[in-house]
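Student:
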Amino acid sequence: MVELQSTWTWLPAIYLFLGGASAGSMLVVALLKLAGRGRFKTTVTIGSWVSVVALACGLLALVAEVEKPFQAMVLFKSFVNFGSWMTIGAWVLFASIIVFGVFALVSTPAVTSRITFLDKSKESVSRALAVVCVPLAAAVAVYTGILLSAAPSIPLWGTWLLPALFAVSAFDTGVAAIAIVVAVLEKDESASKFGIVLEGITACLIAVESVVLAVFLNTMLGGTASEALAAGIVVEGEVSVAFWTFVVAFGLAVPFVAALAQIVMARKGRHSKWIAIGAAACVLVGGFALRFVVLSAGIHGIVLSPDALQAVSGVVMMVP
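Residue numbers (my numbering): 9 to 328.
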């Protein structure tokens, strides 16, 4: 039995999940603000706050993981090595929490109604902030994967496929979060049509995520002995039950089938709010499970002696 990675466990998994979901939901909300023609204001308001709270909670989980949390909260002051992904990511997160927060405030009628100088310009300010939120959200989504891929000597994490996988998953979980907001809070007739649009986006994202996940695991299984060992932990080892149950079944298969069912039902003039909520909840569960599984299987690379390498690979080595 292989010992799982135990340095980063629940709290980093929570951060990676919440950071990705925050980025994905803010991307959806910002695009909705720019293209929605003033519709779905409730979704924009609540969705933006969902993004801000998720990112804030994720950052708190990350800070709580380090040995001295209160010192970690001011580490960004010393992040001047812009050749480091850790430094770049720290400043991206710092900028994102500020811009996302201001956008959420400007998108909240109860706040803007009290700020008189914004009466004539609040829409322009809100749209300008939405434009800035789009690249920041994309950067946060990708960074959650880069943070792991930059870690040394972890074969499963050291590939560009991991940031790609986490980015697609972030967008998927973000759409799921906004789908719940729409299903619960939006009451007008256009809400169900928008819900179907989100179902279609969800189906497409799940298809892309499934392909990226398959390529990621196949690449690892066909790679070095360390990469194959780590990927084996995922597909048939210690975390395989969690992977196949929560990532593949609940996180991909169930919401994909539900999305297709909703699209078919919409052609007959029907739409189920509860199917939408249930499928979105499955996506969120799968998104967290994916990050926990990848973290758990992130074992360090192994250094094999010639005899051990011969035993693992079945290659007869000629020793002079």
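A virtual CB, placed ideally from N, CA and C, is assigned to each residue, including glycine.
1. Are R7 and K41 close, meaning C-beta to C-beta below 8 angstroms?
2. Quick one: complete alpha helix (DSSP H) runs, 4+ long, within the region 235–323?
3. Quick one: measure Cβ to Cβ for I285 and A269, integer angstroms, because I've assumed they're closer than 8 angstroms.
4. Please report the distance separating the alpha-carbon of W99 from that of A149.
5. How big is the Cα-Cα spacing for L101 and A175?
6. Thinking C-alpha only, which one of A211, G27 and T210 is nearest P171?
7. Pairs of beta-carbons, one from the region 173–192 and one from the region 200–217, closer than 8 angstroms: are there three or more?
8. Measure the alpha-carbon distance for V107 versus L193 and round it to whole angstroms.
9. Taking just the CA atoms, how far does A72 sit from A147?
10. Under 8 angstroms between the Cβ atoms of V114 and V139?
11. Under a three-way DSSP split, which group does D196 fall into?
12. State the Cα-Cα distance for the pair G231 and L237, rounded to the nearest angstrom.
13. So, helix, strand or coil for G164, using DSSP?
14. Out of curiosity, what's the CA-to-CA distance linking A297 and L24?
15. If distances are taken between C-alpha atoms only, which option among I307, H279 and I204 comes closest to V247?
16. A187 and G208 look like a contact to me (Cβ under 8 angstroms); what is the Cβ gap, rounded to whole Å?
17. Take the Cβ of P263 as the centre, count every other Cβ of all protein chains shown within 10 Å, and call the residue buried at 16 or more, exposed below.
18. Could you spell out where the alpha helix (DSSP H) holding F405 opens and where it closes?
19. Can you round the beta-carbon distance between V36 and V183 to whole angstroms, since I take them to be within the 8 angstroms contact cut?
20. Just confirm the distance between the C-beta atoms of A29 and T181, as a whole number of angstroms; I'd bet it's less than 8 angstroms.
21. Let me know the secondary structure DSSP gives G55 once reduced to three states.
22. In angstroms with no decimal places, state the Cα-to-Cα distance between G46 and G240.
23. Tell me whether G208 sits in a helix, a strand or coil according to DSSP, three-state version.
24. Mapping DSSP to helix, strand and coil, what is T232?
Tutor: Result, derived from the coordinates:
1. Look at the range of the chain in this structure, 9 to 328, and you will see that residue 7 is not part of it.
2. Fully enclosed alpha helix (DSSP H) runs of 4 or longer: 262–275, 281–304 and 314–321.
3. Indexing the sequence shown from 1 puts residue 285 at position 277. Indexing the sequence shown from 1 puts residue 269 at position 261. About 14 angstroms separates the CB atoms of I285 and A269; that is not less than 8 angstroms, and the two are not in contact.
4. Taking the sequence shown and counting its residues from 1, the one referred to as residue 99 is at position 91. Taking the sequence shown and counting its residues from 1, the one referred to as residue 149 is at position 141. In a straight line, the C-alpha of W99 is about 14 angstroms away from that of A149.
5. Translated into positions along the sequence shown, residue 101 becomes position 93. Translated into positions along the sequence shown, residue 175 becomes position 167. Straight-line Cα distance between these residues: approximately 15 angstroms.
6. Counting from 1 along the sequence shown, the entry for residue 171 is found at position 163. Among A211, G27 and T210, the Cα nearest to that of P171 is on G27.
7. Touching, per the Cβ criterion.
8. Reading the sequence shown from its first residue, position 99 is the one you call residue 107. Reading the sequence shown from its first residue, position 185 is the one you call residue 193. Answer to the nearest angstrom: the Cα atoms are 25 angstroms apart.
9. Within the sequence shown, residue 147 is the residue found at index 139, counting from 1. Within the sequence shown, residue 72 is the residue found at index 64, counting from 1. Going from the Cα of A147 to the Cα of A72 covers about 23 angstroms.
10. Within the sequence shown, numbered from 1, the residue matching residue 114 stands at position 106. Within the sequence shown, numbered from 1, the residue matching residue 139 stands at position 131. At the C-beta level, V114 and V139 stay beyond 8 angstroms of one another.
11. Here the question's residue 196 lines up with position 188 in the sequence shown. For D196, the secondary structure class from DSSP, reduced to helix, strand or coil, is coil.
12. By one-based count along the sequence shown, residue 231 stands at place 223. By one-based count along the sequence shown, residue 237 stands at place 229. Per the coordinates, the alpha-carbon of G231 lies some 9 angstroms from the alpha-carbon of L237.
13. Walking along the sequence shown from the start, residue 164 turns up at place 156. Inspection of the sequence shows that residue 164 is occupied by Leu rather than by Gly. DSSP places L164 outside both helix and strand once states are collapsed to three, so it counts as coil.
14. Locating residue 297 in the sequence shown gives position 289, where the first residue counts as 1. Locating residue 24 in the sequence shown gives position 16, where the first residue counts as 1. Spanning the two alpha carbons is a distance of roughly 11 angstroms.
15. Here residue 247 corresponds to residue number 239 of the sequence shown, with the count starting at 1. Ranked by Cα distance from V247, the first of I307, H279 and I204 is I307.
16. Taking the first residue of the sequence shown as 1, we reach residue 187 at position 179. Taking the first residue of the sequence shown as 1, we reach residue 208 at position 200. The Cβ separation is near 11 angstroms, so there is no contact.
17. To locate residue 263, count along the sequence shown from 1; it is residue 255. Buried, since its Cβ has 16 or more Cβ neighbours within 10 Å.
18. Outside the shown range of the chain (9 to 328) lies residue 405, about which nothing can therefore be said.
19. Numbered from 1 along the sequence shown, position 28 holds the residue referred to as residue 36. Numbered from 1 along the sequence shown, position 175 holds the residue referred to as residue 183. Yes, V36 and V183 are in contact; Cβ-Cβ is about 6 angstroms, under 8 angstroms.
20. One-based indexing of the sequence shown puts residue 29 at position 21. One-based indexing of the sequence shown puts residue 181 at position 173. Your pair A29 and T181 checks out as a contact, with CB atoms roughly 4 angstroms apart and the cut at 8 angstroms.
21. Looking up residue 55 in the sequence shown gives position 47. Residue state for G55 is assigned as helix, using DSSP reduced to three classes.
22. For the purposes of this step, residue 46 is taken as residue 38 along the sequence shown, with counting starting at 1. For the purposes of this step, residue 240 is taken as residue 232 along the sequence shown, with counting starting at 1. Distance between the alpha carbons of G46 and G240 is about 49 angstroms.
23. Here residue 208 is taken as the residue at index 200 of the sequence shown, counted from 1. The three-state secondary structure of G208, taken from DSSP, is helix.
24. Here residue 232 refers to the residue found at position 224 of the sequence shown. In this structure, DSSP gives T232 a state outside helix and strand, which the three-state scheme calls coil.
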